[in-house]
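Just so we're aligned, residue 475 is where the sequence shown starts under the numbering used here, counting upward by one. Glycine included, every Cβ here is placed at the ideal spot set by N, Cα and C. The structure appears below as structure tokens.
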Amino acid sequence: MNKLFLIVCLLPFCAIPGHAQCGPDEFSGVGTGANEEEALNTAYSLLARQIHSSVKVSEKYTQSQKVSGGKENLNSGYASKTEVESSLINAHDARVLRIERSKGKTSVTVCMSRSAAAKGFAEKQRLVADSLEIAANFALGAEHPKSKNEAWQRTQALWNEFARLQGMIEGLGAAKADFYDAANKVYSQAKDEQIAYCQNSKQHWTPEKENNYSELALSMLSKNLKMEKSACKGKGVSLIYKNTEPECSQKFGLHSCSYKPSLSVASCEGVEYRLLEGSAEGAHQKQDFALEKLQNNLKTAQFWQKWEQEIKEWSPQCK
Numbered sequence: 475m476n477k478l479f480l481i482v483c484l485l486p487f488c489a490i491p492g493h494a495q496c497g498p499d500e501f502s503g504v505g506t507g508a509n510e511e512e513a514l515n516t517a518y519s520l521l522a523r524q525i526h527s528s529v530k531v532s533e534k535y536t537q538s539q540k541v542s543g544g545k546e547n548l549n550s551g552y553a554s555k556t557e558v559e560s561s562l563i564n565a566h567d568a569r570v571l572r573i574e575r576s577k578g579k580t581s582v583t584v585c586m587s588r589s590a591a592a593k594g595f596a597e598k599q600r601l602v603a604d605s606l607e608i609a610a611n612f613a614l615g616a617e618h619p620k621s622k623n624e625a626w627q628r629t630q631a632l633w634n635e636f637a638r639l640q641g642m643i644e645g646l647g648a649a650k651a652d653f654y655d656a657a658n659k660v661y662s663q664a665k666d667e668q669i670a671y672c673q674n675s676k677q678h679w680t681p682e683k684e685n686n687y688s689e690l691a692l693s694m695l696s697k698n699l700k701m702e703k704s705a706c707k708g709k710g711v712s713l714i715y716k717n718t719e720p721e722c723s724q725k726f727g728l729h730s731c732s733y734k735p736s737l738s739v740a741s742c743e744g745v746e747y748r749l750l751e752g753s754a755e756g757a758h759q760k761q762d763f764a765l766e767k768l769q770n771n772l773k774t775a776q777f778w779q780k781w782e783q784e785i786k787e788w789s790p791q792c793k
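Here is the structure:
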């Protein structure tokens, strides 16, 4: 018996070099490096890749719930995160089958059972479940529109990751973890409340005074935003267009007119969340033409896009 064989057999799960193989229902990874640590890292990485590729074809597609117009729509599709992970959260559960050293290089073979692989995904899923519970409970209790939107988006993203991991676990033939039902319950509660929130929360256009400028503002913003002329109620958002008029002055025979519109994004109770501001100008020898130029420039002003993006952040995230 040579020295190399003695070293190998002193290791756990030792076997005769050249004859050992992982079990028929096990995953395997083989790594080579300048030393044992380097070889193990490579072996674990290849083991992780084999586990992911083996369940890729059997991974169940998830159903994501999107709310549009207060109604729930189910969209089926494969999980968005498809990149192969190159690390194992439970690498300690892999068994070292063989270590060979020759000519300054080390080769390592590691094995992992399907149940151990599923255990690793379950450990990741537990961490996601903890974050999901926090985010969902925050979404359930949030009153501030923007905070509620952010909490819901966070909840949905965590649920998608939770479901993705569940697909991996089931693809490996393992049962649901004991925390699955609790996570599913709190997510369902948050989802149901979001549906109700979308059904009852609207964007209400409530200008201080209706005139040509408020109508122009409404036509610009309603192109991509759903809003209605009505009194604000419930958890809706009030869009209060301020009653401002153009200001004109004359200098050296030239009429210059400027207009500084503003829009208050507020709660139905009158709490102002955000004040949006813009400006437009027009000039001509005649004041009427200067005002006409001002209105034309107002229609193409860049601030409308900024207003639209800001209002969206305060609107119910329903799709």
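Keeping to the same chain, check which residues put their C-beta closer than 8 Å to that of D499; ignore five residues upstream and five downstream.
Against the sequence shown, residue 499 aligns to sequence position 25. S587 and R588, listed in sequence order.
In the DSSP assignment, find the alpha helix (DSSP H) that holds M642 and state where it starts and stops.
For the purposes of this step, residue 642 is taken as residue 168 along the sequence shown, with counting starting at 1. Residues P619 to G645.
Any idea if L728 is buried or exposed, counting beta-carbon neighbours within 10 angstroms, 16 or more meaning buried?
For the purposes of this step, residue 728 is taken as residue 254 along the sequence shown, with counting starting at 1. Counting every other CB atom within 10 Å of its CB across the protein chains shown gives L728 a total below 16, marking it as exposed.
Could you spell out where the beta strand (DSSP E) holding C722 opens and where it closes?
Here residue 722 is taken as the residue at index 248 of the sequence shown, counted from 1. Looking at the DSSP string, the run of the beta strand (DSSP E) that includes C722 is E721 to K725.
With distance defined between alpha-carbon atoms, name the residue in L768, K650 and S753 nearest to K760.
Position 286 of the sequence shown, counted from the start, is the residue given in the question as residue 760. Of L768, K650 and S753, the residue nearest in Cα terms is L768.
Any chance the segment 562-581 sits against the segment 619-628, with 3 or more Cβ pairs inside 8 Å?
Not touching, per the Cβ criterion.
G503 classed as buried or exposed, judged by whether at least 16 other C-beta atoms fall within 10 angstroms
Taking the first residue of the sequence shown as 1, we reach residue 503 at position 29. By the neighbour-count criterion, in which 16 or more other beta carbons inside 10 Å mark a residue as buried, G503 falls on the buried side.
Using only alpha-carbon positions, find the residue among C496, Y654 and Y733 that is nearest to V584.
Sequence index remark: in the sequence shown, residue 584 carries index 110 (1-based). Scanning C496, Y654 and Y733 for the CA closest to the CA of V584 turns up C496.
Within 10 Å of its beta-carbon, does L566 have 16 or more other beta-carbons around it, so buried, or fewer, so exposed?
Along the sequence shown, one-based indexing puts residue 566 at 92. Looking at the sequence provided, one finds His at residue 566 rather than Leu. Classification for H566: exposed.
Report the rounded CA-to-CA distance for A664 versus L614, giving the unit in angstroms.
Working through the sequence shown from its first residue, we reach residue 664 at position 190. Working through the sequence shown from its first residue, we reach residue 614 at position 140. Rounded to whole angstroms, A664 to L614 spans 6 Å at the Cα level.
Taking the C-alpha atoms as reference points, what is the distance between W633 and D666?
Numbered from 1 along the sequence shown, position 159 holds the residue referred to as residue 633. Numbered from 1 along the sequence shown, position 192 holds the residue referred to as residue 666. A straight-line Cα-Cα distance of about 14 Å links W633 and D666.
Sub-7 Å separation of A764 and A775 beta-carbons:
Looking up residue 764 in the sequence shown gives position 290. Looking up residue 775 in the sequence shown gives position 301. Against a cut-off of 7 Å, the Cβ pair of A775 and A764 comes out as no contact.
What are the boundary residues of the beta strand (DSSP E) that includes M586?
Against the sequence shown, residue 586 aligns to sequence position 112. Where M586 is concerned, the enclosing beta strand (DSSP E) starts and stops at K579 to S587.
Check the DSSP bridge columns for H678 and list the partner residues they point to.
As a first step, residue 678 must be located in the sequence shown, where it is residue number 204. H678 is bridged to E702 and S712.
Examine the Cβ distances between the segment 709-728 and the segment 679-697 and report whether three or more of them are shorter than 8 Å.
Three or more Cβ pairs drawn from the segment 709-728 and the segment 679-697 lie within less than 8 Å of each other, which places the two stretches in contact.
Ordered along the chain, which non-local residues of its own chain (more than five positions away) have a Cβ less than 6 Å from that of K773?
Position 299 of the sequence shown, counted from the first residue, corresponds to residue 773. Counting only Cβ-Cβ distances below 6 Å, and skipping sequence neighbours, we find nothing.
What's the gap between the Cα of V529 and the Cα of G645?
The residue given as residue 529 occupies position 55 in the sequence shown. The residue given as residue 645 occupies position 171 in the sequence shown. The straight-line gap from Cα to Cα measures roughly 5 Å.
Could you pull out every residue in the same chain whose Cβ sits closer than 6 Å to the Cβ of G544, ignoring the five residues on either side in sequence?
Here residue 544 refers to the residue found at position 70 when the sequence shown is read from its first residue. Below a pLDDT of 50, predicted positions are generally treated as unreliable, and G544, at 42, falls in that range; the measurement from the model is reported next regardless. C672 and Q673.
Local conformation of F501 per DSSP, three classes
The sequence position of residue 501 within the sequence shown is 27, counting from 1. F501: strand per DSSP, three-state reduction.
Nearest candidate by alpha-carbon position, reference Y747, set V711, E782 and P735:
Stepping through the sequence shown from its first residue, residue 747 is reached at position 273. Ranking V711, E782 and P735 by Cα distance to Y747 puts V711 first.
Does any residue of chain C have a CB that is nearer than 7 Å to the CB of A513?
The structure shown contains no chain C, having only a single protein chain.
Simplified DSSP assignment, three categories, for G744:
Along the sequence shown, one-based indexing puts residue 744 at 270. Three-state result, G744: coil.
On the DSSP letters alone, give me the boundaries of the beta strand (DSSP E) that L728 sits inside.
Residue 728 sits at position 254 when you count from the first residue of the sequence shown. L728 -> beta strand (DSSP E) spans L728 to Y733.
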